[in-house]
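> These protein sequence lines map, in sequence, to chains U and E.
In this text, residue positions in the first sequence follow numbering that gives the first Met the number 0: the first is 0, and each later residue adds one.
In this text, residue positions in the second sequence follow numbering that gives the first Met the number 0: the first is 0, and each later residue adds one.
From the three backbone atoms N, C-alpha and C, an ideal C-beta is built for every residue, glycine too.
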Amino acid sequence: MSDLAVIKIECDPSLSAQFKTIENLRLTGRPSRVAGTERLSFDAVADAAAQEQLRALGCAVTIVKTPEEYEENVRRAFDAISDTPMKFDGSD
Amino acid sequence: MAYPMTSTAIEASIGNAANAYSTLCQRVQLPFSTNSVGMPARQYSGLLITKVAANSERPGLLATAGMHAREWAQPDACLSFAGKLLHAYKHNVAFVIPAFIDSTGATFGPITVAADRVKAIIENVSFFLLPLANPDGREFSMSAKVNSRWRKTRSPSATPGIPDTIGVDPNRNFDIAWDFDVYYSAAAVADPHLAASKQPAMENYIGPTPFSEAETKNIKWILDKNKVDFFIDLHSFSLKIMYPWSIETNQSANAAKNFRNGAFDHRRDGKLGNAYQEYFPAHSLTHHKLIAEKMRDAILVATGRNYGAVGGIAKLLSTATGSSSDYAFSRQFTIAGSRQIHSFAIEFGDIDDHFQPDPVTKYPRIEREVHAALITLLEYIAIWSGAIS
Chain U
0 MSDLAVIKIE CDPSLSAQFK TIENLRLTGR PSRVAGTERL SFDAVADAAA QEQLRALGCA
60 VTIVKTPEEY EENVRRAFDA ISDTPMKFDG SD
Chain E
0 MAYPMTSTAI EASIGNAANA YSTLCQRVQL PFSTNSVGMP ARQYSGLLIT KVAANSERPG
60 LLATAGMHAR EWAQPDACLS FAGKLLHAYK HNVAFVIPAF IDSTGATFGP ITVAADRVKA
120 IIENVSFFLL PLANPDGREF SMSAKVNSRW RKTRSPSATP GIPDTIGVDP NRNFDIAWDF
180 DVYYSAAAVA DPHLAASKQP AMENYIGPTP FSEAETKNIK WILDKNKVDF FIDLHSFSLK
240 IMYPWSIETN QSANAAKNFR NGAFDHRRDG KLGNAYQEYF PAHSLTHHKL IAEKMRDAIL
300 VATGRNYGAV GGIAKLLSTA TGSSSDYAFS RQFTIAGSRQ IHSFAIEFGD IDDHFQPDPV
360 TKYPRIEREV HAALITLLEY IAIWSGAIS
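Here is the structure:
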């Protein structure tokens, strides 16, 4: 099982230069500005050790999905993958 | 219908739509084949929905989804939208987004668009839908759970053997301020506020040249060959409804501050504030804001979810170059005789929905939100064209 949780990181942007040194931290997508300021919010997946390193840097870390919840999320999506196209006959 | 569909099923769905509604829409095969590691070259299609004559001056909308491989929900939602719209027109019935009951038991919607307005949309707007802009990326992201976060295309790397260097971020590969080293100061290039990279292993790699990817060439081709007045690019996630510019925040006071003016090369800072802001004509900015707010309001009615962040992309997100929505908007300034394209990008869903929203508990809400945004935009275009009041 993956030990990556879905997290939100908020910190001074200057700290993000150090993210690349943190193992098992994967930023997912483009950072958002926090309420019209220069502060940035990053979406990411990270294991527990990476989360600790982020906190040690001075970042606020919020866990959105635990590793178990994230794993279950991805599993359910994969289980539903369908090769059946839409028919467009009104039954879809 | 089953969500999420594979790339193959999405392509087959487009063909099924064209067959089932042959007088209302046509499958348009795009000219550039993908060039992806370990996959055969693929040609793929869009769906042109219209009863408008080819030489008509009626307005056109291009909607794209699935540009980022891992964002699974929007392509399926776009196709189910097309199905509902075509069904409503053919049977002369209303287009209905069913009521939604949220996790607290509160009910939102339904949204009903009367049959005469559906008729006005189909007969007065050319609607080009590209539901899956990055089919090989989606196929790879669905190939194994470990690949589910893949974002880029799958074009060959210049450094084979390093898997992360495969592919390009298509939404950084359009020809708008593509070479960020020219446009921004050295400090801005090094700053995390600029979300674009020349490192192939990065998720936001801009590619070796603008339009290096078949996936972006095909969107340019659609814009070149069709009358497009409105463009919308559907992404996930973060509950934001946005319009250009992505390269800088907006201002309408100084027309000289624009990406074509070399006097500002190497001077953009990519930050908030007015050290440098990109020119956006005032009347057009007002129009974009109005349309974005209409889509926000419709989504709120449909599902009760507030896409409260409405505005210029660079004000809401970090700055970025080479995006589809900036490119579509920029064409009016760079291509002689080009129409003004009203351009939008929406980030559907939130971090809890994530890139692959749960098919049972999360997807139905996002599907309704996509439908609410698209029907609102189409209805607005029909009104704007004078077809309905």
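Would you please state the rounded distance, in angstroms, between the beta carbons of residue 301 of chain E and residue 367 of chain E? I believe it to be under 8 Å.
Residue 301 of chain E to residue 367 of chain E, Cβ: 5 Å. Contact.
> Going residue by residue through the region 130-193 of chain E, where are the continuous alpha helix (DSSP H) segments of at least 4 residues, counting only ones entirely within it?
Runs of the alpha helix (DSSP H) inside the region 130-193 of chain E: 134-140, 179-182 and 185-189.
> Please classify residue 152 of chain E as buried or exposed, where buried requires at least 16 other C-beta atoms within 10 Å of its C-beta.
Answer is buried; the Cβ neighbour count reaches 16.
> Determine which residues of the region 310-322 of chain E have a Cβ less than 8 Å from any Cβ of chain U, and write them out in chain order.
Answer in chain order: 314, 315, 316, 317 and 319.
> State the Cα-Cα distance for the pair residue 51 of chain U and residue 83 of chain U, rounded to the nearest angstrom.
Those two C-alpha atoms are separated by around 44 Å.
> Within the 8 Å Cβ cut-off, does residue 149 of chain E reach chain U?
So, not an interface residue.
> Indicate whether at least one CB of chain E lies closer than 8 Å to the CB of residue 23 of chain U.
Not closer than 8 Å to any Cβ of chain E, the Cβ of residue 23 of chain U fails to qualify, so no.
> For residue 341 of chain E, count neighbouring C-beta atoms within 10 Å of its own C-beta (all shown protein chains included) and say buried if the count is 16 or more, exposed if not.
Counting Cβ neighbours within 10 Å, residue 341 of chain E comes out buried, since at least 16 surround it.
> Does residue 351 of chain E have its Cβ less than 8 Å from a Cβ in chain U?
Yes, because at least one Cβ of chain U sits closer than 8 Å to the Cβ of residue 351 of chain E.
> Going along chain E, which residues have a C-beta under 8 Å from residue 35 of chain U?
Near residue 35 of chain U (Cβ distances below 8 Å), the residues of chain E are 271 and 314.
> Counting pairs of Cβ atoms below 8 Å between the region 66-76 of chain E and the region 234-253 of chain E, do you hit three or more?
Taking 8 Å as the limit for Cβ pairs, the verdict is that the region 234-253 of chain E does touch the region 66-76 of chain E.
> Buried or exposed: which applies to residue 91 of chain E, given that a residue is buried once 16 or more other Cβ atoms fall within 10 Å of its Cβ?
Exposed, because fewer than 16 other Cβ atoms sit within 10 Å of the Cβ of residue 91 of chain E.
> Give the straight-line distance between the Cα atoms of residue 320 of chain E and residue 280 of chain E, rounded to the nearest whole angstrom.
Distance between the alpha carbons of residue 320 of chain E and residue 280 of chain E: 20 Å.
> Output needed in chain order: residues of the region 135-149 of chain E with a Cβ under 7 Å from some Cβ in chain U.
Here the close residues are 141, 144, 147 and 148.
> Can you check DSSP and say which residues form a bridge with residue 24 of chain U?
In the DSSP output, where bridge partners are listed per residue, residue 24 of chain U has U:45.
> Count Cβ pairs between the region 249-256 of chain E and the region 185-197 of chain E that sit closer than 8 Å; are there 3 or more?
Contact between the region 249-256 of chain E and the region 185-197 of chain E is absent, because fewer than three Cβ pairs lie under 8 Å.
> Is it true that the CB of residue 59 of chain U sits closer than 8 Å to the CB of residue 22 of chain U?
The answer is no: Cβ separation not under 8 Å.
> Kindly provide the ranges of any alpha helix (DSSP H) runs that are 4 or more residues long and lie completely inside the region 261-305 of chain E, ordered along the chain.
Taking only runs of at least 4 residues, the alpha helix (DSSP H) segments lying wholly in the region 261-305 of chain E are 281-302.
> What do you reckon, are the CB atoms on residue 91 of chain U and residue 79 of chain E nearer than 8 Å?
Going by C-beta atoms, residue 91 of chain U is nearer than 8 Å to residue 79 of chain E.
> Can you list the residues of chain E that residue 75 of chain U reaches, using a CB-CB cut of under 7 Å?
Result: 357 and 358.
> For a contact defined as C-beta to C-beta under 8 Å, what are the partners of residue 20 of chain E on chain U?
Ordered by position in chain U, the residues that pass the 8 Å Cβ test against residue 20 of chain E are 87.
> Are the region 367-377 of chain E and the region 263-276 of chain E touching, with three or more C-beta to C-beta distances below 8 Å?
The region 367-377 of chain E is not in contact with the region 263-276 of chain E.
> Kindly indicate which residue of E:214, E:111 and E:294 has the alpha-carbon position closest to the one of residue 34 of chain E.
Measuring from the Cα of residue 34 of chain E, the nearest candidate turns out to be E:214.
> Counting only beta-carbon atoms, is residue 80 of chain U nearer than 8 Å to chain E?
It does: the Cβ of residue 80 of chain U has a partner Cβ on chain E nearer than 8 Å.
> Using a Cβ-Cβ cut-off of less than 8 Å, list which residues of the region 27-59 of chain U approach chain E; keep chain order.
If the cut-off is 8 Å between Cβ atoms, the region 27-59 of chain U has 27, 28, 29, 30, 31, 32, 35, 36, 37, 39, 42 and 44 near chain E.
> Would you mind reading off the limits of the beta strand (DSSP E) that contains residue 96 of chain E?
Residues 94-96.
> Cα separation between residue 158 of chain E and residue 200 of chain E?
About 10 Å.
> Please specify which runs of the beta strand (DSSP E), each continuous and at least 3 residues long, are wholly inside the region 184-244 of chain E, giving them in chain order.
The qualifying runs are 229-235 and 239-242.
> May I have the straight-line CA-CA distance separating residue 6 of chain E from residue 26 of chain U, to the nearest angstrom?
Going from the Cα of residue 6 of chain E to the Cα of residue 26 of chain U covers about 25 Å.
> Return the residue from the list E:355, E:379, E:378 and E:377 that minimises the CA-CA distance to residue 78 of chain U.
Taking only the C-alpha atoms, the option nearest residue 78 of chain U is E:355.
> I'd like to know if residue 83 of chain U contacts chain E, where contact means its C-beta is closer than 8 Å to some C-beta of that chain.
It does: the Cβ of residue 83 of chain U has a partner Cβ on chain E nearer than 8 Å.
> Quick check on the DSSP output: the beta strand (DSSP E) that includes residue 48 of chain E runs from which residue to which?
Run containing residue 48 of chain E: 44-48, per the beta strand (DSSP E) assignment.
> Between E:36, E:98, E:104 and E:73, which has its C-alpha nearest residue 352 of chain E's C-alpha?
Residue E:73 is the option with its Cα nearest to residue 352 of chain E.
> Answer with yes or no whether the minimum CB distance from residue 16 of chain U to chain E is below 8 Å.
It does: the Cβ of residue 16 of chain U has a partner Cβ on chain E nearer than 8 Å.
> If you draw a straight line from the C-alpha of residue 176 of chain E to the C-alpha of residue 12 of chain U, how long is it?
If you take the alpha carbons of residue 176 of chain E and residue 12 of chain U, they lie about 23 Å apart.
> Thinking residue 196 of chain E and residue 204 of chain E are a contact (beta carbons under 8 Å), I'd like their distance in whole angstroms, please.
Right, their Cβ atoms sit about 5 Å apart.
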